[in-house]
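Taking it in order: structure first as structure tokens, then the write-up.
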Amino acid sequence: MRAALYLFVGIMFAAYPALRPYSSEVGSAGADAFASSNWVLAHTFAMFGFVALGLAVVYGGRRSDPAVVATWIGVGLVLPYYGAETFALHALGVDAAANSNPGLIDLADPIRYSTVQMVMFGVGLVSIAAGLVIFALRNRYAMVLAAGFVLFLPQFYTPPAVRIAHGLLIAVGAIIAARAVAGSSDRAAQPISTITGA
Numbered sequence: 054m055r056a057a058l059y060l061f062v063g064i065m066f067a068a069y070p071a072l073r074p075y076s077s078e079v080g081s082a083g084a085d086a087f088a089s090s091n092w093v094l095a096h097t098f099a100m101f102g103f104v105a106l107g108l109a110v111v112y113g114g115r116r117s118d119p120a121v122v123a124t125w126i127g128v129g130l131v132l133p134y135y136g137a138e139t140f141a142l143h144a145l146g147v148d149a150a151a152n153s154n155p156g157l158i159d160l161a162d163p164i165r166y167s168t169v170q171m172v173m174f175g176v177g178l179v180s181i182a183a184g185l186v187i188f189a190l191r192n193r194y195a196m197v198l199a200a201g202f203v204l205f206l207p208q209f210y211t212p213p214a215v216r217i218a219h220g221l222l223i224a225v226g227a228i229i230a231a232r233a234v235a236g237s238s239d240r241a242a243q244p245i246s247t248i249t250g251a
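In this note's numbering, the protein residues as written are 54 to 251.
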């Protein structure tokens, strides 16, 4: 189950930046990007990825584990922002495109960048990164995955190609983690006589 969760995390976070429309996000270009079905699909994949990440960390430790607590606090803080980004901006884009009113896209900034949502989003991503670092210190197989989430906030300030590469970094980290936990499960399932060579 954990291996499947890690693979799902990798797929979701690789698909998110690859499918996401990129534009200036102002005026008619912004309206078209936000109105795109790929906008909703890509950001929904990110939300699925965050939930799956939290579940994968839970499988790796107790619910009171600092890694689990930090990761889930982060997921809880990040998801409302992604919900607004996904659905509110899409609704703006659809309305702006349908009514030839690109000025409506000016509302995107207060939806995204007001103080409360920005603090929640930033603290959430830092909390996820901290949770993954704590987790990776005990589970070396998660180090690349943890690096991907440490870089999650900075990658928003990079060009699309770097953001897509960042998604691939998370995918690679997730594949490494999936292979490690699948291998440990296989070893645990072997009869003692097979493990010892008896």
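All C-beta atoms in this analysis are idealised placements derived from N, C-alpha and C, irrespective of residue type, glycine included. Bear in mind the structure is a predicted one, so any value in this text is a computation, not a measurement.
Closer than 6 Å by C-beta to residue i: which residues in its own chain qualify, once you throw out the five before and the five after it? Chain order, please.
i, result
"Q170", "Y134"
"Y59", "A109, A227, A230 and A231"
"P213", "Y75"
"L111", "Contrary to the premise, residue 111 reads as Val rather than Leu in this sequence. Here the set comprises V121."
"R216", "P70 and Q208"
"D159", "none"
"F98", "M65, A68 and Y69"
On the CB-based measure, 16 or more other CB atoms within 10 Å of its CB, does residue i come out buried or exposed?
i, result
"R191", "exposed"
"M65", "buried"
"S90", "exposed"
"F103", "buried"
"V172", "exposed"
"A57", "exposed"
"R55", "buried"
Would residue i and residue j qualify as a contact pair, given that the criterion is a beta-carbon distance under 8 Å?
i, j, result
"S76", "A67", "no"
"P163", "G80", "no"
"F101", "H143", "no"
"F62", "L106", "The amino acid at residue 62 is misidentified as Phe; the sequence shows Val. Closer than 8 Å, so yes."
"Y194", "A233", "yes"
"A199", "E78", "no"
CB-CB under 8 Å to residue i, same chain, minus the five flanking residues each way: which ones, in chain order?
i, result
"S180", "A123, T124, I126, G127 and L130"
"F15", "The requested residue 15 does not occur in the structure, where the chain is confined to residues 54 to 251."
"H219", "P70, G201, L204, F205, Q208 and T211"
"D85", "P74, S76, G146 and A150"
"A137", "I164, R165 and Q170"
Within the same chain, show all residues whose beta-carbon is closer than 7 Å to that of residue i, passing over the 5 residues directly before and after it, in chain order.
i, result
"I187", "P119, A120 and A123"
"L132", "M100 and F103"
>> Assess contact between the segment 216-227 and the segment 150-170, defined as three or more Cβ pairs (one per stretch) separated by less than 8 Å. Is contact present?
In response: no
> Which whole runs of the alpha helix (DSSP H) in the segment 61-119 are 4 residues long or more, in chain order?
Replying inline: 80-88 and 90-112
> Three or more beta-carbon pairs under 8 Å between the segment 199-206 and the segment 182-190, yes or no?
Replying inline: yes
>> Suppose only complete runs of 4+ residues qualify. What are the alpha helix (DSSP H) ranges in the segment 118-193, listed by chain order?
In response: 119-136, 142-151, 161-166 and 168-191
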